[in-house]
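Data block below; observations after.
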Amino acid sequence: SAVKTASPKGMLKMVGRSKKMQAVYKTIGQIAEKDVAVLLTGESGTGKELAAKAIYHHSRRKERPFLAINCAAIPEQLFESEFFGYERGAFTGAHQTRIGKIERCDGGTCFLDEIGDMSMALQAKLLRVLQEGEFERLGGRGPVKIDVRVIAATNKDLALAVQNGLFREDLYWRLKVITIELPPLRKRAEDIPELTEYFIARSGAEYDRPIRHVSEGVLKRFCAYPWPGNIRELENCIRRAILLCTGDIITEEHIESLNGQKEHLPQTLNHKQLMDNLREKLQAVLPDILRLSKQSVHANIIEMVEETIILKALEECGNNQVKAAGMLGISRNTLRHRLKRHIEKRNNIDYSAEQT
Numbered sequence: 013s014a015v016k017t018a019s020p021k022g023m024l025k026m027v028g029r030s031k032k033m034q035a036v037y038k039t040i041g042q043i044a045e046k047d048v049a050v051l052l053t054g055e056s057g058t059g060k061e062l063a064a065k066a067i068y069h070h071s072r073r074k075e076r077p078f079l080a081i082n083c084a085a086i087p088e089q090l091f092e093s094e095f096f097g098y099e100r101g102a103f104t105g106a107h108q109t110r111i112g113k114i115e116r117c118d119g120g121t122c123f124l125d126e127i128g129d130m131s132m133a134l135q136a137k138l139l140r141v142l143q144e145g146e147f148e149r150l151g152g153r154g155p156v157k158i159d160v161r162v163i164a165a166t167n168k169d170l171a172l173a174v175q176n177g178l179f180r181e182d183l184y185w186r187l188k189v190i191t192i193e194l195p196p197l198r199k200r201a202e203d204i205p206e207l208t209e210y211f212i213a214r215s216g217a218e219y220d221r222p223i224r225h226v227s228e229g230v231l232k233r234f235c236a237y238p239w240p241g242n243i244r245e246l247e248n249c250i251r252r253a254i255l256l257c258t259g260d261i262i263t264e265e266h267i268e269s270l271n272g273q274k275e276h277l278p279q280t281l282n283h284k285q286l287m288d289n290l291r292e293k294l295q296a297v298l299p300d301i302l303r304l305s306k307q308s309v310h311a312n313i314i315e316m317v318e319e320t321i322i323l324k325a326l327e328e329c330g331n332n333q334v335k336a337a338g339m340l341g342i343s344r345n346t347l348r349h350r351l352k353r354h355i356e357k358r359n360n361i362d363y364s365a366e367q368t
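Residues in the sequence shown are numbered from 13 upward in steps of one, following my numbering.
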């Protein structure tokens, strides 16, 4: 769901003794009791919500509400009324005043996951909460005071989003006072054995399965695998293996039979090889292109490559310009401008016309 309330009972805990995780723990310890906004960054599945809950449980607000809100899970057209609430008569069907989610969190901590997906208009309202400690309900006639600590998280490059006009710069700097980066699992592989033991114990108890450990072969595979889904993928892998295992040791046969993992592994490992292959193909044809072209070779190649990338991204995203722009790391306006430019030039540029 889009909104969850933290419960210490049975709550997942942060696991790992690597230097990168020790640095995370140290920062959490230093800032947990400081009543400031925090920005958690890192790939999907690295444990950003766990870090937010750790900050909360070590803060002065630990006896007050903790609310986790996924900014990407609430439709944009409903977000303002859900988040800030609304007054009676604010719109058709608003028969009574409704308290928003953030107001229900007054005095506590609000965790905004996937903050990079919040619209610019809502970003401005959130900035007001951070700067002034107030907001207005939809249809309201005056400000409502609010005392809430905001912890935000993203797996996006917010600095790039600011540069592309997709995220407010003032909000970015307001959140960035304290930034904690959660490392991907592939960069803390020494934690995999401990994480494996933890998830076996947790899921084994949940499913009442007497699993003791994984085999040496499985552990070697775990430590060699890059885990693109990070800790979440490891947990799900172990959870499924426990359900498939009939003994007390998870072996490679239980891992091999997991849907998708065997197919996913080569795709992940071959990404660099694909990039290397692309580079080799360019190097193979560039000498002839350079020899036969008389002018503007650099500009023509860049134009051709950019057009190809844009069209392929649109194809992959079903011609959804917003999704394609996100895939490319540019704003929608930039995408539309460049697409229009390429369409206008397509019938005028002949890349072979410069041959002798």
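Virtual Cβ for every residue (Gly too), placed ideally from N, Cα, C.
Just so it is clear, the structure is predicted and the values come from calculations on it, not from any experiment.
When burial is assigned at 16 or more other CB atoms within 10 Å of the CB, is residue i buried or exposed?
| i | result |
| --- | --- |
| M130 | buried |
| P195 | buried |
| G105 | exposed |
| R200 | buried |
| L178 | buried |
| M316 | exposed |
| Y219 | exposed |
| F103 | exposed |
| K38 | exposed |
| L340 | buried |
| D125 | buried |
| N331 | exposed |
| N271 | Residue confidence is low: N271 scores 40 on pLDDT, short of 50, so the model does not pin down where it sits. Its coordinate-derived value is still stated next. Burial call: exposed. |
| G259 | exposed |
| H107 | exposed |
| D203 | buried |
| N176 | buried |
| G120 | buried |
| V162 | buried |
| K293 | exposed |
| V297 | exposed |
| I314 | exposed |
| A85 | exposed |
| G97 | buried |
| A171 | exposed |
| L302 | exposed |
| L304 | exposed |
| K65 | buried |
| R353 | exposed |
| L290 | exposed |
DSSP three-state call for residue i: helix, strand or coil?
| i | result |
| --- | --- |
| N242 | helix |
| E193 | strand |
| V160 | coil |
| I262 | strand |
| E55 | coil |
| C257 | coil |
| E148 | coil |
| C369 | Nothing about residue 369 can be read from this structure; the chain reaches only from 13 to 368. |
| V334 | helix |
| V50 | strand |
| P278 | Confidence at P278 is low in this model, with a pLDDT of 37, below 50, so its placement is unreliable and the value that follows should be read with caution. Reduced to three states, the DSSP call for P278 is helix. |
| S30 | coil |
Using only the alpha-carbon positions, how far apart do residue i and residue j sit?
| i | j | result |
| --- | --- | --- |
| L256 | I111 | 46 Å |
| E247 | L207 | 8 Å |
| V309 | H349 | 22 Å |
| E88 | H225 | 45 Å |
| K188 | A337 | 24 Å |
| G241 | L62 | 16 Å |
| L323 | M287 | 19 Å |
| Q333 | A133 | 20 Å |
| A35 | H69 | 18 Å |
| G9 | C235 | In the structure as shown, the chain begins at 13 and stops at 368. Residue 9 is therefore absent and cannot be evaluated. |
| R198 | K32 | 12 Å |
| A173 | L326 | 19 Å |
| L150 | E99 | 6 Å |
| E228 | I212 | 15 Å |
| G154 | A217 | 52 Å |
| I261 | R73 | 42 Å |
| T53 | I127 | 10 Å |
| E75 | E115 | 16 Å |
| R252 | A311 | 52 Å |
| E356 | E319 | 12 Å |
| L351 | I342 | 12 Å |
| C83 | S71 | 23 Å |
| S215 | R244 | 13 Å |
| Q143 | T109 | 25 Å |
Length at least 4, wholly inside the region 163-240: the alpha helix (DSSP H) runs in chain order: 170-175, 181-187, 204-218 and 228-236
Per the contact definition of three or more C-beta pairs closer than 8 Å, is the region 153-168 in contact with the region 56-71? yes
Threshold first: 4 residues or longer. Then list the alpha helix (DSSP H) segments lying entirely within the region 80-118, N to C. 88-96 and 113-116
Quick one: any contact between the region 173-184 and the region 126-141, if contact means 3 or more CB pairs under 8 Å? yes
Answer yes if the region 40-49 comes into contact with the region 81-99, meaning at least three C-beta pairs across the two stretches below 8 Å, and no otherwise. no
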